[in-house]
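Peer 1: The structure is given below, and queries will be raised subsequently.
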Ligand code: VGL
Ligand code: ZN
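In our numbering, the protein residues as written are 47 to 226.
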C-alpha cells in the first residue's frame, strides 16, 4: 500500500495579506516543501468558489476561482503536485473537505493508486484540514494530521485545540513531520 500527502488549501487568500488569512499560514510552507521529498503521491486541494455563494454569508469573499487570491501561495513548490482537487465550487455548499472536490473522485483516484494511508497538511486546521482528515478516515484510509504543517485560521482561537482533539477522537494520528 502507498502513502499520499494531501496539501489542503495553501492559497494566497489563506496566508498573511490574503482575504481570509491564517496568521501563520505562510510559516508552514517550508515544512510542506520539505515533506514533499518523503512522498511519491502528492495532491493538493484548492478552495475554488464562484463569486456568488452562500459560503460568503459566513465568510468574507475568498478564493474566487481564477483570481490571484485563489492561486497557490508562490512559496509552495508545485513541481511534485500530481493532482489539484477543486472544492467549494458550487453556490450552495461550503466544500470544506478535499473529498468534496468536483473535478475528481478523490476516493477512486487514491484507491487506483493503491493508497492506504494519507497524511494531511495545510490550511485551515479547524475547517478544511479536519474535514478532509475525517472524510479520509470515513473512506477507509489510515489518516495522519501533520501538526507542524497545519495552521489555524483562528477566528475562534479555542477551535484549534478542539479540532486536534476531535481528530484524535476520530482515530486520526497526529504526527510531526520529522517522524514521517
Ligand atoms: C476554509 C473557511 C472558509 C479552509 C475555506 O480552507 O479551511 N476555511 N473556506
Ligand atoms: Zn472557502
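Beta carbons are placed, not taken as given, at the ideal position from N, Cα and C, and that holds for glycine. From a predicted model like this one, the values you see are computed outputs, not experimental measurements.
Any heavy atom of the ligand ZN within a distance shorter than 7 Å of the CB on residue 115?
Peer 2: If you check the C-beta of residue 115 against the ligand ZN, you find no heavy atom less than 7 Å away.
Peer 1: Does DSSP put residue 153 in a helix, a strand or coil?
Peer 2: Reduced to three states, the DSSP call for residue 153 is helix.
Peer 1: In chain order, what residues of the same chain lie with their CB nearer than 8 Å to the CB of residue 183, ignoring the 5 residues before and after it?
Peer 2: 189, 216, 217 and 218
Peer 1: Residue 58: buried (16+ other C-beta within 10 angstroms of its C-beta) or exposed?
Peer 2: It counts as buried.
Peer 1: Using the rule of at least 16 other Cβ atoms within 10 Å of the residue's Cβ for burial, across every protein chain shown, is residue 146 buried or exposed?
Peer 2: buried
Peer 1: Tell me the residue span of the beta strand (DSSP E) that contains residue 217.
Peer 2: Unbroken run through residue 217: none, as it is neither H nor E.
Peer 1: Enumerated in chain order, which unbroken segments of the beta strand (DSSP E) with a length of 3 residues or greater are wholly contained in the segment 73-112?
Peer 2: 87-93
Peer 1: Looking only at DSSP bridge pairs, what is residue 51 linked to?
Peer 2: 88 and 165
Peer 1: So, with DSSP's three-state summary, where would you put residue 68?
Peer 2: coil
Peer 1: I want to know whether the segment 142-158 touches the segment 117-127 - three or more CB-CB distances under 8 Å.
Peer 2: no
Peer 1: Below 8 Å on the Cβ atoms is my guess for residue 65 versus residue 130; work out the distance and round it to an integer in Å.
Peer 2: Rounded, the Cβ-Cβ distance is 20 Å, inconsistent with contact.
Peer 1: For residue 206 and residue 198, what's the separation of their Cα atoms in angstroms?
Peer 2: 6 Å
Peer 1: Along the chain, where does the beta strand (DSSP E) that runs through residue 130 open and close?
Peer 2: 129-133
Peer 1: Alpha helix (DSSP H) containing residue 178: first to last residue?
Peer 2: 176-184
Peer 1: Considering residue 230, what are the terminal residues of the beta strand (DSSP E) in which it resides?
Peer 2: With the chain represented from 47 up to 226, any question about residue 230 goes unanswered, as that position is not in the structure.
Peer 1: Mind listing which residues have their beta carbon within less than 5 Å of any non-hydrogen atom of the ligand VGL? Chain order is fine.
Peer 2: 55, 93, 105, 170, 173 and 174
Peer 1: What did DSSP end up calling residue 208 once you bin it into helix, strand or coil?
Peer 2: helix
Peer 1: Nearest by alpha-carbon distance to residue 67: which of 88, 80 and 168 is it?
Peer 2: Comparing Cα positions, the closest option is 168.
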